[in-house]
Structure formats: structure tokens, C-alpha cells
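Participant: Sharing a structure below in C-alpha cells format, with a few things to ask.
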Amino acid sequence: MDLIIKNGTIITATDTYKADIGVKDGKIMTIGMDIQDDSAKVVDASDKYVLPGAIDAHTHLEMPFGGTTSADSYESGTRAAACGGVTTVFDFVIQRKGQGLIEAVEGRKELCEPQACVDYAFHTAITDLTPKVLDEFQKSVDYGVPSFKLFMVYKKEGLMVNDGVLLTALKKSKEVGALIAVHAENPDLIDIRIEEYLAVGKTSAWYHYLSREEFIEAEAIKRAIHWAKSVNAPLYIVHLACKEGLDEVTKARDEGYKIYAETCPQYLYFTKEVYKREDGRNWVCSPPIKGKESQEALWSGIKRGDISVVATDHCPFQSYEKDWGKDDFTKIPNGCMGIENLYPYLLSEANKGRISLNKVVEVCSTNVAKIFGCSPQKGAISVGSDADIVVYDPNKEFVITKDNMHSDVDYTIWEGVRLRGYPVMTFLRGNLVYDNGKFVGKPGQGQFIKCYGQK
Ligand code: DUC
Ligand code: ZN
Ligand code: ZN
């Protein structure tokens, strides 16, 4: 054996128990009491929890967007991921007009491969659904990229698709076992509101929130669910941030439809009040962070199981880029950071008693692998799974600050947030990549993870 993690308390999505883990050739080879092998490196995890690495289902690394490119490269973003206990990221490939799906994925794969510090998979955001692209759905599923995102907004940016395209994609996805994901907000209402606010000089970040408040997101969620139900296709709603939208998800799930919802840590910790701050632009993302009532509903949705995944929508910009929108909220590049905060924040909340540690593993790791087709290779502490393992110290106090983060961004929205407990080691396929505050992995170490389609 190459590695034995001894005396830890293993936390899976369903179980909590004390055992050793033996690792060979990057895989979990055995789980049991008192595993011995003199040739193996031994890590003592007494008084620690041992968890599967988190899988961030939603990242935008070095993505051209908002007149610039998101500020974490594949290298810095995945370095930060490793230091926050994330061992696989699902990054978004944007299909440009006229581009084939495989062509789009291969372009990004080439960019990511030499830089990736953790494993990676892709979703493709489709912006131009030609008959040829529709024909390529099956090929993409076979290639290992069986999930496609459609933007119901970002008309001016050329990303938006209409309801007809959404329905066409849903129908085809069912045929080939793909999964359609949506960014759900109502674009027409947003545009009208933006125009009205700017016309009367209402230009601060607060008006970003007001132009896209709760019901604007909820309407689009309701519409997307309606179309998915009409063809009985599964649907994944990315970054769901409002109570009314979640109520629609709950209703559809209660009726037996496969509707999955994802929310993000920024919606669970902050409220819309951040947009009243002088530096409120730093929290500008879409959909915006909502009010307390929505926040509480999101936590309840996690507990009930109507929110299946918590992922980051990690899409940071440098503060000088956020400053472009100081006097006009429409010029603020949309996006927040969170890749290094996802697992530590949720585990800290569990440590404080808000939810169980098992629930955190479920929504940050196991469910992601199951929904997007890389289970049981990922998302599990089980024999035969990749040895993507986080050792977590529940007694370590940690205060987030820009200087103890590992991304390339010059600020963090999480500045000053106090956490109870923190990851102390991250293993990627048995290799130590994070050790007590330090990144110890290598760019290029991450591998492409081929996902399977819906079963
Ligand atoms: N929302 C953001 O805030 N940033 C990236 C893309 C998105 O949908
Ligand atoms: Zn989005
Ligand atoms: Zn996104």
C-alpha cells in the first residue's frame, strides 16, 4: 500500500464511523480496523474527520465574460480548490456561435490540462443550438461531457437562448441521456428595470439587486420546470437563490419529477444587505444574493433534500475590474469567489450544529458525482473509489482573509468570516496536495474526468 490514513472518523453522505483507509495506486484499496503495512506512508487522523473531497459542480475559470476574463486561471482556481478540500471541479465551457460541442470542449481541455491542480470535468453552455449541434449531443455524452447549460438571460452578451431552444434541448437530452441545466432569470423584466433605474440616476450595486429581485428569478425557474415537465426530462437549476423558486422545485419533486436544484455558499451566508455597502459591487453576481426569507428557505431546502447540490459559481474578478461599475452597476463584471470557501464554510456550519456533516458530504460531493455521472469513482469513501480525501480538524479556528487564500484575486468577499474547524490535508488520488495552510501539489496533476449520462 502507498498510504494509510489511520484512526480517523470517516464521514460519508450516510455514515459516520471510525476506521483506517488504505490507498494503493490512487484508489481506496481497503477500509478497516488497524490496517498495517510497513511500506506505506502513515497519516495519523486521530481526533480528525476523514471526508471525500468536495466536487465543485459550478466554476468559471479564466472565462471571457463581462468585458474581461474571470480572474482565476485554471491553475490558480484549482490550486485554491485543493486548499479548500475540493478535488474535482466542473468548469463551464462556453460554446461560441458556430462552434461544435466537442471542438469547444477540446479547446478548454487543452488550456486546462497543463494547469489543473485537481481533477476536472466540464459542462458545456450552449449558445447556438443549430441542428448540427443537436446532432452532436450524443457525441458529447459519449465523450464524457453529458451536461449542457442554457442561459435564460445575458441577451446582450449573446449567451441567452429562448424557450423554444430550451424545449428542443430538453427533448433531445432525454433521448441521449444528457442533463440540461439552466441559469433562470427573466431577461425582459431585468432590461426594463435597468433602463428605468439608470434613467433616474439609480446606479449603485443595490439597483443590481432591485433589477433582478426574487420574483424575477422565480418566474424563470417556474417556466423552466414547466418545460421540463412537459417532456418529462430531468432538469438541473444552477445557483438557485430565492424561496419562491425553491417552492416550485419542491412542488415538482413532490410530483415525482427529476428536478435538481443547486445553491451557492454566498446565498447561504450573505443577504441582499451587502449591496447597500459602499463596496457592494464586490458581491455582484447573477442571480443576486436575496433577502433573509430566501436564505432561511435555502437552508431548509438543503435539510429537506430539495436542494441537491451546493456549488460555488466561482467567477471572481479583481477589485479594479469590479470598480468599473462604481457609478453604474451594469458595468460591474458579474461573479463572486468561493472555490476555497465552499467546503470549509459548510463544514463549519455543520460543526456548529446547523446541519449534519453527512449532509455536507452529500450536497458538496456525493450528490454531485451521482447527478453528473462520475460516481462511484468520485464523491465516495469506498473501496475502488479514487482516493480523493480530506482530513478535517473540527477544533481548528480559522478566520478567512485574502492572505490565507490561494487564488490570484486581490480581495475576498469572505474576508473576516470565522470558521469552526478547517481542512488540514487534501489528497488527490492519494497524493497530498494541501498540507496545513500550504499548497503542495503541482499544476498538471489534475486529470480529465469522463462522466456518464443519465441512467
Ligand atoms: N453569474 C455570475 O454571477 N457570473 C458568471 C455567470 C453567471 O451566470
Ligand atoms: Zn449562471
Ligand atoms: Zn455560473
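Just so you know, we're using numbering that gives the first Met the number 0 here: the sequence shown kicks off at 0 and counts up by one.
We put the beta carbon where it would ideally sit given N, CA and C, even for glycine.
Just to confirm, is the Cβ distance from M0 to I54 under 9 Å?
Facilitator: no
Participant: For the beta strand (DSSP E) holding P145, just list the boundary residues, first then last.
Facilitator: Element bounds for P145: n/a, residue is neither H nor E.
Participant: Nearest to E261 by CA position, among V104, K377, V367 and I354, is which residue?
Facilitator: V367
Participant: Give me the Cα-Cα distance between A204 and G76, rounded to the nearest whole angstrom.
Facilitator: So the alpha carbons of these two residues sit roughly 26 Å apart.
Participant: Please name the residue, chosen from N430, F397 and S355, that lies closest to V389 on a Cα-to-Cα basis.
Facilitator: N430
Participant: Return yes when the C-beta of V283 is under 8 Å from any heavy atom of ligand 2, and no when it is not.
Facilitator: No, Cβ of V283 sits at least 8 Å from all heavy atoms of ligand 2.
Participant: Got a sec, what are the start and stop residues for the beta strand (DSSP E) G300 sits in?
Facilitator: Not the beta strand (DSSP E): G300 falls in the alpha helix (DSSP H), residues K291 to R303.
Participant: Report the option in I306, S139, P130 and L133 whose CA atom is closest to the CA atom of A120.
Facilitator: S139
Participant: Which residue from R428, G84, S146 and H122 puts its Cα closest to that of Q453?
Facilitator: S146
Participant: Could you tell me the boundaries of the alpha helix (DSSP H) in which G7 lies?
Facilitator: Not the alpha helix (DSSP H): G7 falls in the beta strand (DSSP E), residues L2 to I10.
Participant: Are there 16 or more other CB atoms within 10 angstroms of the CB of T463, so buried, or fewer, so exposed?
Facilitator: Because the chain in this structure spans residues 0 to 454, residue 463 falls outside the shown range and cannot be described.
Participant: So, helix, strand or coil for F328, using DSSP?
Facilitator: helix
Participant: Could you tell me which of N350, Y433, P63 and D434 sits nearest to N394, measuring between CA atoms?
Facilitator: Looking from the CA of N394, the closest CA among N350, Y433, P63 and D434 belongs to N350.
Participant: How big is the Cα-Cα spacing for D134 and L60?
Facilitator: 28 Å
Participant: Helix, strand or coil: which one does DSSP assign to R252?
Facilitator: Look at R252 here: in three-state DSSP terms it is helix.
Participant: Which first and last residues belong to the alpha helix (DSSP H) in which D312 is found?
Facilitator: Element bounds for D312: n/a, residue is neither H nor E.
Participant: With respect to 8 Å, is the separation between the Cβ of F150 and the closest non-hydrogen atom of ligand 2 below this value?
Facilitator: yes
Participant: Taking the C-alpha atoms as reference points, what is the distance between I301 and F64?
Facilitator: 30 Å
Participant: Mind the definition here: the segment 302 to 311 touches the segment 321 to 330 only if three or more C-beta pairs lie below 8 Å; say whether that holds.
Facilitator: no
Participant: Please name the residue or residues paired with A180 in a DSSP beta bridge.
Facilitator: K148 and Y235
Participant: Which partner residues of K23 appear in the DSSP bridge assignment?
Facilitator: K23 is bridged to K26.
Participant: Please name the residue or residues paired with G31 in a DSSP beta bridge.
Facilitator: D19
Participant: What residues match up with V398 in a beta bridge as DSSP calls it?
Facilitator: R417
Participant: Whole alpha helix (DSSP H) runs in the segment 50 to 127 with 4 or more residues, listed along the chain?
Facilitator: 73 to 82 and 100 to 111
Participant: Ends of the beta strand (DSSP E) at E320?
Facilitator: It is not in any beta strand (DSSP E) - E320 instead sits in the alpha helix (DSSP H) that spans S318 to K321.
Participant: In the DSSP assignment, what are the bridge partners of M336?
Facilitator: Partner(s): none; M336 has no beta bridge.
Participant: Using 10 angstroms around the beta-carbon of T13, count the other beta-carbons present and answer buried if the total reaches 16, otherwise exposed.
Facilitator: exposed
Participant: Can you tell me whether V408 is buried or exposed, with buried defined as 16 or more other CB within 10 angstroms of its CB?
Facilitator: V408 is classed as buried because its beta carbon has at least 16 other beta carbons within 10 Å across all chains shown.
Participant: Could you tell me the alpha carbon to alpha carbon distance between G378 and G279, rounded to whole angstroms?
Facilitator: G279 has its alpha-carbon roughly 35 Å from the corresponding atom of G378.
Participant: According to DSSP, is V382 part of a helix, a strand, or is it coil?
Facilitator: coil
Participant: From the DSSP output, read off the bridge partner residues of Y410.
Facilitator: Partner(s): none; Y410 has no beta bridge.
Participant: State the DSSP-derived secondary structure class of F136, mapped to helix, strand or coil.
Facilitator: helix
Participant: Going by the C-beta, is F426 closer than 8 Å to any heavy atom of ligand 3?
Facilitator: no
Participant: Below 8 Å, is the gap between the Cβ of H207 and the nearest heavy atom of ligand 1?
Facilitator: Not so, every heavy atom of ligand 1 lies at least 8 Å from the Cβ.
Participant: Alpha carbon to alpha carbon, what distance is there between E295 and I288?
Facilitator: 12 Å
Participant: Indicate whether V22 and A386 have their beta-carbon atoms separated by less than 9 Å.
Facilitator: yes
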